[in-house]
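Have a look at the structure below before the remarks.
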Amino acid sequence: MKPLIHVGTRKGLFAFEKTNGHWSPAGEWFLGIQVPMLFHDRRDGLLHAAVEHGHFGTKMHRSADGGATWEETAGVLYPPKPDDAPEIRDGFRNVVVPWSLEKVWSLESGGPDKPGLLWCGTIPGGLFRSSDSGSTWELVRSLWDRPERAQWAGGGYDFPGIHSICVDPRNSQRVAVAISCGGVWLTGDGGETWEQGANGMTYDFLPAEQGGAEPDGQDPHRMVMCGSAPDRCWVQHHCGIYRSDAAGRGWEEISGVKPSGFGFAVAVHPKDPDTAWFVPARKDEFRYPVDGEFVVTRTRDGGKSFETLSKGLPPAPCYDLVYRHGLDIDESGDRLVMGSTTGALWVSEDQGDSWELLTAHLPPVYCVRFA
Amino acid sequence: MASIAFTQHLQTHVDAPRSEVSGGTVRDALEEVLAENPRLRGYVLDDAGAVRKHIAVFLDGESVKDRVGLSDPLPPGGEIFVMQALSGG
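Rendered as structure tokens:
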């Protein structure tokens, strides 16, 4: 299969394909409509897209033929709130969290041994599971009903959201989900029971006695798991970079990262747990490239040291911002793709040493994924 | 008879023809249409069955008062119009 990238943007879904050494546009769908999340399932070839109409809500679409035709499925629907279910309020703003979909924010395979099983993370914090390749979805009540949800809060959006889902390739019953802001939740039994794993994460602007180290309130922006060494996970957190060596159960801060430890996206090499990439920005309320210099940082030694990579990236002043789903790495570990809110799309074929600009004129990019 | 019509914007995505409807409330009228056209439901109503945040429902030119229950009484010959609110872009 030719290298293929799908890009979810503010104004549609796009594809780019590499043919004869050259990347070129290979498709465009749902033009004019937000596509915040997409997933190409290599198990069955289905391409899933969350199509978020500004007025009409999110509709789930899937294609079995690479986008030639699309089918709208039943969608991700929250059930009616039972009368005896407690009213949960956002932990920061004290606003009632609705039993209603605001955004589809993650889509992942349930594992190679579970054909048809998919996980979907959403705002306002519900995790959904499908057993039929996305035909229908069910809210995972075992996580939604956790009383700790009263400590979760919106991070970048009005309500909490599940943006990262990591399924352990050794055992698909083990799943880790990261929530802004709700910490990292872990299951070892396919979602029957859950426990909090964000111990070690902390807010640098909130003292411990004010709850700054409370795991349930933590804001990991994005979490990734190394496919060949799944105990190693990386998190780009609101206040810095964290590393786990226990598949998300417990985290260690990586401090002193230059030019900044703040950002949204992170990617880990699929075969080398010590190699990871980040896209730094000036913390915390500013969120633009430090000094207007847009760079990628890479560690090859588990976070002990970082290199700043900029070959092929625009010179200063450059204010592109890469959202949490705006960076991906392919299964070889050599090729990365990155998309920005300024509508630029870059590919690196050499682990980030150099970058090629594919286009600078897409709508704001929400999500990039190798097919 | 009363009637219900939908914005052209909506019809880009799902069939939503103008229909004659009956019933005592706006909710009754809408449910009559949705029973025949279930796919339309999620485009107009949210998961909890209330009018979507950026959808406007008008009855005889006035915005309905009850966006959750749509309990506004439907007079004989009343005209309901469902359209996108510009707050949604």
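Protein chains in written order, with the working numbering: chain C, 1 to 371; chain D, 372 to 460.
Think of the CB as a built atom: it goes at the ideal place given N, C-alpha and C, for glycine as much as any other residue.
These numbers were taken from a predicted model, which means no experiment stands behind them.
- As DSSP reads the structure, P220(C) sits in a beta bridge with H237(C).
- Relative to A360(C), the option among T193(C), V347(C), R287(C) whose CA is nearest is V347(C).
- Listed in chain order, the beta strand (DSSP E) runs fully inside the region 101-131 of chain C are 103-109, 118-123, 127-130, counting runs of at least 3 residues.
- CA-to-CA, the gap between W355(C) and L313(C) works out to about 6 Å.
- Under the three-pair Cβ rule at 8 Å, the region 211-218 of chain C does not count as touching the region 156-174 of chain C.
- Within the same chain, H6, L47, R369, A371 come within 7 Å of H40(C) by CB-CB distance, once the 5 residues on both sides are set aside.
- Distances from the alpha-carbon of I88(C) to those of Y78(C), P80(C), W99(C), P79(C) put W99(C) closest.
- Residue burial annotation: P36(C) is buried, with at least 16 other C-beta atoms found within 10 angstroms of its C-beta.
- For D399(D), the enclosing alpha helix (DSSP H) begins and ends at 397-407.
- Cβ contact annotation for M454(D) (same chain, cutoff 6 Å, sequence separation greater than five): T378, A427, in chain order.
- Here P80(C) is exposed. Its C-beta has fewer than 16 other C-beta atoms within 10 Å.
- Counting only Cβ-Cβ distances below 7 Å, P80(C) has contacts in chain D at A419, in chain order.
- Counting of Cβ neighbours within 10 angstroms places V404(D) among the buried residues, the total reaching 16 or more.
- Going by DSSP, S255(C) is part of no alpha helix (DSSP H) at all; its letter is neither H nor E.
- When the alpha-carbon of A247(C) is set against those of F262(C), W23(C), C166(C), the nearest one is in C166(C).
- L345(C) and F92(C) have their C-alpha atoms some 35 Å from each other.
- The three-state secondary structure of R146(C), taken from DSSP, is coil.
- When the beta-carbon positions are compared, H425(D) and S458(D) come within less than 8 Å of each other.
- Proximity of the region 65-75 of chain C to the region 191-200 of chain C falls short of the contact definition, fewer than three beta-carbon pairs being nearer than 8 Å.
- About 7 Å separates the Cβ atoms of T297(C) and W277(C), confirming a contact at the 8 Å cut-off.
- Within 9 Å of the CB of W99(C), the CB atoms of chain D belong to D418, A419, in sequence order along the chain.
- Membership of Q455(D) in any alpha helix (DSSP H) is not indicated; the residue belongs instead to the beta strand (DSSP E) covering 450-455.
- Within the region 119-153 of chain C, no residue has a Cβ lying closer than 8 Å to any Cβ of chain D.
- Across the region 150-180 of chain C, no CB contact with chain D closer than 7 Å is found for any residue.
- In chain order, H55, F56 make up the part of chain C whose C-beta sits under 9 Å from the C-beta of L381(D).
- In the structure shown, H22(C) falls within a strand segment according to DSSP collapsed to helix, strand and coil.
- Apart from sequence neighbours up to five positions away, the residues of its chain that approach A198(C) with a beta-carbon distance below 8 Å are G183, V184, P215, D216, Q218, P220, W251, ordered along the chain.
- The beta carbon of T19(C) sits closer than 8 Å to those of K2, all from its chain and outside the five residues before and after it, given in chain order.
- P409(D) counts as exposed, since fewer than 16 other beta carbons sit within 10 angstroms of its beta carbon.
- When the Cα atoms are used, A208(C) and M201(C) turn out to be separated by approximately 11 Å.
- Burial check for R174(C): the Cβ neighbour count within 10 Å reaches 16 or more, so the residue is buried.
- Counting along the chain, G66(C) sits inside no beta strand (DSSP E), nor does DSSP assign it H or E at all.
- Here S135(C) is exposed, its C-beta having fewer than 16 other C-beta atoms within 10 Å.
- Around the C-beta of G111(C), 16 or more other C-beta atoms lie within 10 Å, and the residue is accordingly described as buried.
- Taking 7 Å as the upper bound on Cβ-Cβ separation, chain D lies near residues G75, L77, Y78, P80 of the region 64-89 of chain C.
- Under the three-state reduction of DSSP output, S458(D) falls in the helix class.
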